[in-house]
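Heads up: the structure comes next, in structure tokens.
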Amino acid sequence: MQGNKDKAMTRSAEVSRKTRETEISVSVHVDGKGKADISTGVGFFDHMLDQLSRHSLIDMTIKAKGDLHIDDHHTVEDTGIAIGQALSKALGERRGIMRYASIELAMDETLTRAAIDVSGRPFLVWNVAFSSPKIGTFDTELVREFFQALAQNAGITLHVTNHYGANNHHIAETCFKAVARVLRAALEPDPRQPDAVPSTKGSLKG
Ligand SMILES: [Mn+2]
């Protein structure tokens, strides 16, 4: 049987997705170094996806062309869908992973918690409020839309709670960094059960 170390090397996937609203290609390498090559046409979103890659250590190449003349909504949501699909594909049967993780992530005046279960069951619990509808030109409500699409398509249960914070850029950024860190921890190989699916059901696929 193939050892986990070899399998870990192959936790990569590519997804291309084209609709009338967006055209997106994503490639992920879960056991990477956090190297990001990201271009969505939405500057703030690129900055957030950079954080997601950097702090999860998942290498990500993301190219999105969306109907930005309408607004950023389709581009952000569909990029979340494509990243989620790529992650799910890369993880396969989800053998040998730690599965659970949580973190309290601080950034200046802001504190945000993320908890994850790489369960195969998509669920988002979102307790994050922004005090402004915009960060620059970016709609703050799209942060939730992104994580909803990610959780749904990656097959992960994700709980995100902002405890406090004043600056909306920081609040958004802590969400991305906290999710990045719990992804990293939960997808880490479990050396005590390298070939096991960590579930009494024997399956973590939907
Ligand atoms: Mn920033």
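Read in order, the letters of the sequence shown correspond to residues 121 to 326 in the numbering used here. No residue lacks a Cβ here, since even glycine has one placed at the ideal position from N, Cα and C. Please read all numbers here as calculations on a predicted model, not as lab measurements.
- Distance between Val135 and Glu224, taken at the CA atoms: about 31 Å.
- DSSP lists Val146, Ile158 as the beta-bridge partner residues of Ile182.
- The three-state reading of DSSP puts Leu244 in strand, counting E and B together.
- Annotation: His289 to Ile158 spans about 19 Å, alpha carbon to alpha carbon.
- When C-alpha distances from Val263 are compared across Lys153, Glu143, Val248, the shortest belongs to Val248.
- Secondary structure at Ile276: coil, using DSSP grouped into helix, strand and coil.
- The alpha helix (DSSP H) runs lying completely inside the stretch 187-222 and spanning 4 residues or more are 193-211, given in chain order.
- Put simply, of Asp228, Arg219, Val146 the residue whose alpha carbon is nearest the alpha carbon of Val196 is Val146.
- Around the beta-carbon of Asp198, 16 or more other beta-carbon atoms lie within 10 Å, marking it buried.
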